[in-house]
Amino acid sequence: MDLCHRNNVTVHGDGPATLIFSHGFGCDQTMWNYLYRHFTKRFRVVMYDHVGAGRSDLSAYDSEKYSALAGYAADLSEIIDKYAVGPVILVSRSVSAMIGALADRLVPGRITAHVMVGPSPCYIDSGDYVGGFKLEDIHSLLDTLDSNYLGWSSTMAPVIMGAPGQPGLSEELTNSFCRTEPDIAKQFARVTFMSDNRADIAGLLTPTLILQSTEDLIAPVAVGEYLHAALPASTLYLVPNVGHCPHMSSPSACSDAMDVFLLPWAGVRVN
Amino acid sequence: MSTDLPVPDFETLFEGAPCGLVVTTQDGLILRTNRIFCEWLGFNQSELQERRFPTLLTMGGRIFHQTHWAPLMQMQGSVAEVKLDLLHRDGRTVTMLLNGVRRDHASGAFYELALFGTTDRDRYERELLSARKHAEELLREKTAVELALRQTKTDLNIAYEKSQRRAVFAEQMVAIASHDLKNPLTAIGMATDMLARGERSPKEAKLLEHIARSSNRAQRMIADLLDLALARVGNGIGVMRSAADLHEVVHGSVSELRLAFPDAAIRHQSIGMGHVELDADRIQQLVGNLVANSVAYGDPHQPITNVSTLESGVAKVSVQNWGSVIPESAMGSLFEPMTRHSARDDEVRSVGLGLFIVREIAKAHGGDVSLSSDTAGGTIFTPSFPATPSNRLS
Chain A
0 MDLCHRNNVT
10 VHGDGPATLI
20 FSHGFGCDQT
30 MWNYLYRHFT
40 KRFRVVMYDH
50 VGAGRSDLSA
60 YDSEKYSALA
70 GYAADLSEII
80 DKYAVGPVIL
90 VSRSVSAMIG
100 ALADRLVPGR
110 ITAHVMVGPS
120 PCYIDSGDYV
130 GGFKLEDIHS
140 LLDTLDSNYL
150 GWSSTMAPVI
160 MGAPGQPGLS
170 EELTNSFCRT
180 EPDIAKQFAR
190 VTFMSDNRAD
200 IAGLLTPTLI
210 LQSTEDLIAP
220 VAVGEYLHAA
230 LPASTLYLVP
240 NVGHCPHMSS
250 PSACSDAMDV
260 FLLPWAGVRV
270 N
Chain B
0 MSTDLPVPDF
10 ETLFEGAPCG
20 LVVTTQDGLI
30 LRTNRIFCEW
40 LGFNQSELQE
50 RRFPTLLTMG
60 GRIFHQTHWA
70 PLMQMQGSVA
80 EVKLDLLHRD
90 GRTVTMLLNG
100 VRRDHASGAF
110 YELALFGTTD
120 RDRYERELLS
130 ARKHAEELLR
140 EKTAVELALR
150 QTKTDLNIAY
160 EKSQRRAVFA
170 EQMVAIASHD
180 LKNPLTAIGM
190 ATDMLARGER
200 SPKEAKLLEH
210 IARSSNRAQR
220 MIADLLDLAL
230 ARVGNGIGVM
240 RSAADLHEVV
250 HGSVSELRLA
260 FPDAAIRHQS
270 IGMGHVELDA
280 DRIQQLVGNL
290 VANSVAYGDP
300 HQPITNVSTL
310 ESGVAKVSVQ
320 NWGSVIPESA
330 MGSLFEPMTR
340 HSARDDEVRS
350 VGLGLFIVRE
360 IAKAHGGDVS
370 LSSDTAGGTI
380 FTPSFPATPS
390 NRLS
């Protein structure tokens, strides 16, 4: 199994510990561009695309395997084994935070710490738990994905408008960024938003930094607080930010909080 | 080029443009909308001020915004052809196509969005999508059926090969067994002859006669089986043709048969000259089989009539009996080995190879056997073959 090809693994910088960046539902590793460079001088940085996203090997997509987050967790575990050097800190966004928690449970002790960006253990309200969504909201999302089937199908040539004032950036991104096979996108959406990982994270003792946007439709503050309570060794950090992408819209607030949290592992570097 | 027509000012153009125009902050806070956009959604322009653009979307659209086009606007500075369901003031959804760009200013960035109503196209695209899914479904079904068909064909071929192997094996067994039985039977026959030459009590003589008859019959059966084996496993029944008189050969055969079947009235008629080239032993065997058949299945009170004919270079030997009419349906299989037309079980019966061998002998002479059976003409088997190998049956 060629992991590099399957998950489009890229390695940047160097350091005594490894930061693995794992993107969430929608888009690919490109979304870490605003954040990861901040760490390459002190850490070995590994980024990858989930199978089905970005430039991963679409032929490796097995709808059986990826019908649950465990399939993605198995991939992450393999990537850690092959690419990680020293202590492993997983930087995960959204649904990947739970993929990371599952990988942590898979091989306890292998992941030293988590940085979770906008995590949620369960998106759908159930009983007293407020995830922020109802089942019909998820169906509405699947419907929107369907309605964008033609426009977002990766088989269609991308139509990218110019980005005024940032020609370089638009050039960099005229590839398949954010495009997925519609059927894969729908399954990933279903797996993501239908999953309930509250039992998996309860009592996980790995040190965890939760980066919580002050206003986030996908992962509301109440969910961040729930996670903070469920993870005994966690720190909840509120990033003044609107939206589900604080690592993009407020990268320096994120990196500031991460620098403090990551100090123990960055500090062991010689010279 | 100048024109006298009044060109609308930008304000008029913005407000009345044939598409919805919206300017928001990066957070999605609506700073300005044009009149058309508000009309499409049933709001006053002032009502939309200070609202967040995503709140105008369905829940699915809002998640999609967060997971797809908001990051794109951030990283790429633009999105194109995103389809969104917006909520009209009265609750119904209005489908629109969105193009958007990010415009950076010293104080921050604005998102400029242009939206086009696309309800009819959306309906069409959904039809396309459902047709595509239907086609994919059909293709899957077709593939599955083809796969099953291929599998069945393979199974059938395997079963056929297996049965072929078994048939060949069985025929070889018959050939080997009949060949190996010949010698002990000959020994039994010779020993019986020798015993019969001495002084015997009447009881012993009668027993010896039984042994002789039974071993003769067994030898005939073995001979038939060997012929079958030759025809099936080997290169066919061989014939050695030499010049002979057809009528004499048939006559000699009939004379012997009269001794063998003393109770039957066996007649012989000849038509035409008789110069032919044939294997006399095989033709006698042919006549013998047909007559024995007639004795077994014909009417015992009616004669069995042999007619040997030589006409226009074709030799024919017909054998007629007056048994019950052979049904049309049975005629086709009558010449196959192990076929019996009647349930009779007595001494004259053989292993069911008689007619098969008759036809093989006729074929070996370059001819065939015809059969007619009705109440008016009785049952007539007519082997025919070219009088000499150079003649051909027309």
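Residue numbers (numbering that gives the first Met the number 0), protein chains in the order written: chain A, 0 to 270; chain B, 0 to 393. Every residue, glycine too, gets a C-beta built ideally from N, C-alpha and C. Since this is a predicted model, take the numbers as computed values, not measurements.
With the criterion set as a beta carbon lying under 9 Å from some beta carbon of chain A, the members of the segment 41-72 of chain B are R51, P53, L56, T57, M58, G59, G60, R61, I62, F63, H64, Q65, T66, H67, W68, A69, P70, L71, in sequence order. Judged by beta-carbon spacing, T191 of chain B lies within the 8 Å limit of A211 of chain B, meaning their Cβ atoms are closer than that value.
Residue-level contact by beta carbon holds for D121 of chain B and chain A, with a gap shorter than 8 Å. D127 of chain A sits exposed, since fewer than 16 C-beta atoms from the chains shown fall within 10 Å of its C-beta. Under the three-pair Cβ rule at 8 Å, the segment 232-248 of chain A does not count as touching the segment 131-148 of chain A.
In the DSSP annotation of this structure, D121 of chain B is not part of any beta strand (DSSP E); the continuous alpha helix (DSSP H) holding it starts and ends at 118-196. Using a Cβ-Cβ cut-off of 8 Å, L4 of chain B does not count as an interface residue toward chain A, since no Cβ of chain A sits closer than that to its own.
A direct Cα-to-Cα measurement between R109 of chain A and V45 of chain A gives close to 15 Å. The alpha carbon of T205 of chain A has as its nearest neighbour, out of A:S249, A:Y225, A:H22, A:L101, the alpha carbon of A:L101. Put simply, of B:R358, B:E208, B:N182, B:V167 the residue whose alpha carbon is nearest the alpha carbon of L194 of chain B is B:E208. For Q319 of chain B, the enclosing beta strand (DSSP E) begins and ends at 313-320.
Residue range 245-259 is occupied by the alpha helix (DSSP H) that includes H250 of chain B. Per DSSP, reduced to three states, the secondary structure at V286 of chain B is helical.
Residue burial is scored here from C-beta neighbours: T118 of chain B has fewer than 16 other C-beta atoms within 10 angstroms and is therefore classed as exposed. The beta carbons of W39 of chain B and V93 of chain B sit about 6 Å from each other, so the pair counts as a contact at 8 Å. Per the Cβ contact rule, the segment 267-283 of chain B is in contact with the segment 237-253 of chain B (3 or more Cβ pairs under 8 Å).
Counting along the chain, L216 of chain A sits inside no beta strand (DSSP E), nor does DSSP assign it H or E at all. Residues of chain B with a Cβ closer than 8 Å to the Cβ of S146 of chain A are, in chain order, K82, D84, T94, D121, E124, R125. Contact between T304 of chain B and R266 of chain B holds, with the beta-carbon distance rounding to 5 Å and staying under 8 Å. As a beta-bridge residue in DSSP terms, D195 of chain A pairs with A:C121.
Contact annotation: G59 of chain B and D136 of chain A have beta-carbon atoms nearer than 8 Å. Counting other Cβ atoms within 10 Å of its Cβ, V78 of chain B reaches 16 or more and is therefore classed as buried. When 8 Å is used as the limit between beta carbons, F24 of chain A is near these residues of chain B: T66, in chain order. The Cβ of L138 of chain B sits no closer than 8 Å to any Cβ of chain A.
Y225 of chain A: member of the alpha helix (DSSP H) spanning 220-229, first to last residue. Listed by position along chain B, the residues whose Cβ is nearer than 8 Å to that of C253 of chain A form an empty set, because the closest Cβ is around 14 Å away. With distances taken between CA atoms, R51 of chain B lies nearest to B:V22 out of B:G353, B:V22, B:M172. Between L128 of chain B and chain A, the shortest Cβ-Cβ separation is below 8 Å. Judged by DSSP in its simplified three-state form, R199 of chain B adopts coil rather than helix or strand. Using a CB distance cut-off of 8 Å, Q163 of chain B does not count as an interface residue toward chain A.
Taking every protein chain shown into account, the CB of T381 of chain B has 16 or more other CB atoms within 10 angstroms, so this residue is buried. Contacts between L140 of chain A and chain B, judged by CB atoms closer than 8 Å, involve M58, G59, I62, F63 in chain order.
Taking all protein chains in view, the Cβ of H178 of chain B is surrounded by fewer than 16 other Cβ atoms within 10 Å, so the residue is classified as exposed. Using a CB distance cut-off of 8 Å, G51 of chain A does not count as an interface residue toward chain B. Our two residues, M330 of chain B and L370 of chain B, have alpha carbons roughly 8 Å apart in a direct line. When DSSP states are grouped into helix, strand and coil, P245 of chain A belongs to the helix group.
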